[in-house]
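Enquirer:
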Amino acid sequence: MFDKSAFKHERVCFMEVKYLKKSRDIKWLKKMSKIIRTDILEMIGVGKKGHLGGSMSSADLVTALYFYKLNHNPKYPNDPHRDRFIFSKGHSVLAQYAALAEWGYFSKSELKKTKTLGSILQGHPEIRTPGIEANTGSLGQGLSIGAGMALGGKLDKLNYKVYVITGDGELAEGQIWEAANAANFYKLDNLVTIVDNNQLQATGQIKKRFDLGDIRVKFLSFGWKTFEINGHNMREIVDALDSVDEVKGSPSVIIAHTVKGKGVSFAENNYRFHNTALTEEQLKQAKDDIANIEA
Amino acid sequence: MVRKKSLREAYGRELVEAAKKDSRIVVLDADLCESTMTCYMEQEIPQRFFEMGISEQNMVSVAAGLALVGKVPFVNSFSVFTTGQPYNQIRQGVALPNLNVKIFGSSCGLSDAGDGATHQSVEDIAIMRVIPNMTVIVPVDAIETKKVVRAVIEYPGPVYVRISRTPLPILTEEDTPFQIGKMSLIKDGSDITIFACGLMVYQALRAREALTNKGISVRVVNVSTIKPLDRETVKIYSQGVKGVITAEEHSVIGGLGGAVTEALSNQMVRVERVGIKDVFGQSAQTHEELLEHYSLTSENVIEKAEGLVKYK
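So the sequence lines, in the order shown, correspond to chains A and B.
Counting from 1, position 115 in the first sequence corresponds to residue 115 in my numbering; the numbering is continuous, with no gaps.
With positions in the second sequence counted from 1, the corresponding number in my numbering is that position plus 1000.
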């Protein structure tokens, strides 16, 4: 069922010709995030359910990771020194698929097959997909998996970092706080959590549905170093990603305030677009909206 | 009197020996290391022992992360807590990506007699067995336990092993072969075949003695790998006999009895299952009391065998 030949094609040329060098150029990063958002729309298409909201709210974070911060190279996907990125809120993986395809981990032609029978791009992340580092999607597990990787890095005295994006709704999972405690206890300063704080869970406003209180205070009380940024301001994102490098002796969390559906006018801050099929008109509108974003 | 030895003691000791030779091995425990006997690892190789607190879900997912960076993590707690509490973490985070995580369930079955139903596992084999990619092993004695430790390190993938709290009779020799996916014939016979695992293998052997005196010839097979089940051998040993009995310290649903009856579903043979009859355990002063109460003795096996022979 799983076609391994599918991602070999085009791989090297994408990587070497296009983006082998990562950049801190904010303008360029913004351009890349437009491409990521456009790709997300391609994957969602018309008439099929797709996780638009969370993919869009995390798109700038994912862009900054893959095109600025992460030490990764599709040519050496198993390099033990590479940084790891885990999308704990696995339903937003469309943003990651887009970034991986741009880097040439697999062919861009795979994107349109996302979530179709036999595709290497599943509805939630699986390690059989090139570039995916952990199976996630059952919410709450990604931070623990990241903590395990970070612990392994400490054991082997490797300098890689582990980045985990969680949702804010996901923080209701008790396991998150088990992991938060363990990461602090084992002083995992090579572990960074980024909370895609879009303030909406699948069924509505978190504050009204199941208020989580002050998540910054919560992480602080678990011994984490905390940062708070606008998750759509590329400069703030890259600055925060650099700031966490200075933290020693404890894990870090970047609480990124985001807008669910960011960039798509009718989906912004609208929980109904957590996982919804688009009409043809909506898709066209969405594409226009993204095209008009100032880069 | 048969010689008995502690399986968890053998496990704890063998794990240290294996870890000395293999730097990939890391051991995680959730505040039960003095019962699971991973305390030996903590004493001897503390830098590769991780106390994870009483948080089994996190422990399993951390183990998944460690496996993803090349470690061979051993996850430890009581059977009921390493299988039930983190079921989804095992399913999604370990088994689906087929990660090299070794899950050890200690104090399995009714062996934590005093603590009662909450600490006894009657369905752990069943819930691990239904997960794709999972291997399920029930060592029969302390000697086999050591071989299991070595075998699961060699085997690349998720494994669940259940270990009794109670010292069990030594039924194998140091040179008895152990291979994941194979069962071993302990005593041959022609009227009845008993497929047993764990402490019920000894009960099957006791039953065999009594049945032999009554003129009934009994074959006893130690099924230490419940999954993948050696279905071909199950079929071969079930041919030409008057009936088949399964015996396990586990629910009659979904465990060894379930696996064997599935394997024989298209065969013309009668199967009787000795096991816990779809009920929870309870507290008692001794493990033996519970085994008797829940019909897990040689007498129960004898009764089934006599019934099967009569039917023919």
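The beta carbon of each residue, even a glycine, is placed where N, CA and C say it ideally should be.
Predicted, not measured: the structure shown is a model, and the values here were computed from it.
1) Do three or more CB pairs link the segment 129-145 of chain A to the segment 90-108 of chain A at distances below 8 Å?
2) Can you give me the start and stop residues for the alpha helix (DSSP H) that Arg1206 of chain B sits inside?
3) Applying the 10 Å Cβ sphere with the 16-neighbour rule, what's the burial state of Leu1290 of chain B?
4) Using C-beta distances below 6 Å, list every residue in its chain close to His274 of chain A, excluding the 5 sequence neighbours before and after it, in chain order.
5) Let me know the secondary structure DSSP gives Val1252 of chain B once reduced to three states.
6) Where are the alpha helix (DSSP H) runs, 4 residues long or more, that stay fully inside the segment 145-206 of chain A, in chain order?
7) Helix, strand or coil: which one does DSSP assign to Lys8 of chain A?
8) Should Asn1222 of chain B and Ala1196 of chain B be called a contact, given that it needs their Cβ atoms to be closer than 8 Å?
9) In three-state terms, what does DSSP make of Glu228 of chain A?
10) What's the gap between the Cα of Leu171 of chain A and the Cα of Gly249 of chain A?
11) Could you name the residues that DSSP lists as bridge partners for Thr1225 of chain B?
12) Contact between the segment 1135-1147 of chain B and the segment 1007-1023 of chain B: three or more CB pairs below 8 Å?
13) On the three-state DSSP scale, how would you describe Phe1280 of chain B?
14) Which chain B residues are close to Ala147 of chain A, counting only those with a beta carbon under 9 Å from its beta carbon?
15) Measuring straight from C-alpha to C-alpha, what distance separates Gly1070 of chain B and Arg1024 of chain B?
16) Locate the alpha helix (DSSP H) running through Leu1028 of chain B, then write down its first and last residues.
17) If the cut-off is 7 Å on Cβ atoms, which residues from the segment 105-128 of chain A count as contacting chain B, listed in chain order?
18) So Asn1088 of chain B contacts chain A; which residues on that side make the cut at Cβ distance below 7 Å?
19) Flag Gly1093 of chain B as yes if its beta-carbon sits less than 8 Å from any beta-carbon of chain A, otherwise no.
20) Excluding sequence positions up to five away, which residues of its chain have a Cβ less than 6 Å from the Cβ of Ser252 of chain A?
21) Could you please tell me which residues of the segment 181-194 of chain A, in chain order, have their CB closer than 9 Å to any CB of chain B?
22) From Asn1266 of chain B to Lys1235 of chain B, what does the alpha carbon distance come to, in whole angstroms?
23) I'd like to confirm the pairing. Which residues does DSSP put opposite Ile1194 of chain B in its beta bridges?
24) On a CA-only basis, which of A:Asp156, A:Gly148, A:Thr258, A:Ala267 is nearest Ala1067 of chain B? Give me that one, please.
25) Could you tell me whether the Cβ atoms of Ala82 of chain A and Tyr163 of chain A are closer together than 8 Å?
26) For Phe210 of chain A, is the classification buried or exposed, using 16 other Cβ atoms within 10 angstroms of its Cβ as the cut-off for buried?
27) For Ile215 of chain A, name the three-state secondary structure that DSSP assigns.
28) Would you kindly report the start and end of the unbroken beta strand (DSSP E) that includes Glu1051 of chain B?
29) Run down chain A in chain order and give the residues with a C-beta less than 7 Å from the C-beta of Leu1032 of chain B.
30) Quick check on Pro1158 of chain B - is its C-beta less than 8 Å from some C-beta in chain A?
31) Under 9 Å between beta-carbons, which chain C residues line up against Leu151 of chain A? List them in chain order, please.
32) Counting along the chain, where does the alpha helix (DSSP H) carrying Asn1058 of chain B start and finish?
33) I need the boundaries of the beta strand (DSSP E) containing Phe1074 of chain B, first residue and last residue.
34) Using DSSP with H/G/I as helix, E/B as strand and the rest coil, what is Arg128 of chain A?
35) Return the bridge partner residues of Gly1105 of chain B from the DSSP annotation.
36) In the DSSP assignment, find the beta strand (DSSP E) that holds Ser138 of chain A and state where it starts and stops.
Expert: Once the coordinates are examined:
1) Flag = yes, the segment 129-145 of chain A and the segment 90-108 of chain A touch.
2) 1200-1213
3) buried
4) Gly53, Ala202
5) Assignment of Val1252 of chain B by DSSP, reduced to helix, strand and coil, places it in the coil class.
6) 174-185
7) Because the pLDDT at Lys8 of chain A is just 40, under 50, the model does not fix this residue reliably, and the point stays unresolved.
8) Asn1222 of chain B is a Cβ neighbour of Ala1196 of chain B, given a cutoff of 8 Å.
9) strand
10) Between Leu171 of chain A and Gly249 of chain A, the alpha-carbon positions lie close to 23 Å from each other.
11) Per DSSP, B:Ile1137.
12) yes
13) coil
14) Those within 9 Å of Ala147 of chain A in chain B are Asn1058, Ser1061, Val1062, Gly1065.
15) 7 Å
16) Careful: Leu1028 of chain B lies outside any alpha helix (DSSP H), inside the beta strand (DSSP E) at 1025-1029.
17) Glu126, Ile127
18) Ser138
19) yes
20) When the five nearest sequence neighbours on each side are left out, the beta carbons in the same chain lying within less than 6 Å of the beta carbon of Ser252 of chain A are those of Val192, Lys225, Val244, in order along the chain.
21) Asn181, Ala182, Phe185, Tyr186
22) 10 Å
23) Answer is B:Val1220, B:Ile1245.
24) A:Gly148
25) A quick correction: the sequence has Arg, not Ala, at residue 82 of chain A. Not closer than 8 Å, so no.
26) exposed
27) helix
28) 1049-1051
29) Chain A residues near Leu1032 of chain B: none, gap ~16 Å exceeds 7 Å.
30) no
31) Here chain C cannot be found, since the structure's protein chains are A and B.
32) 1056-1068 is the span of the alpha helix (DSSP H), which, as asked, contains Asn1058 of chain B.
33) That run of the beta strand (DSSP E) goes 1072-1078.
34) coil
35) B:Ser1077, B:Arg1162
36) Neither: Ser138 of chain A is in no beta strand (DSSP E) and is coded neither H nor E.
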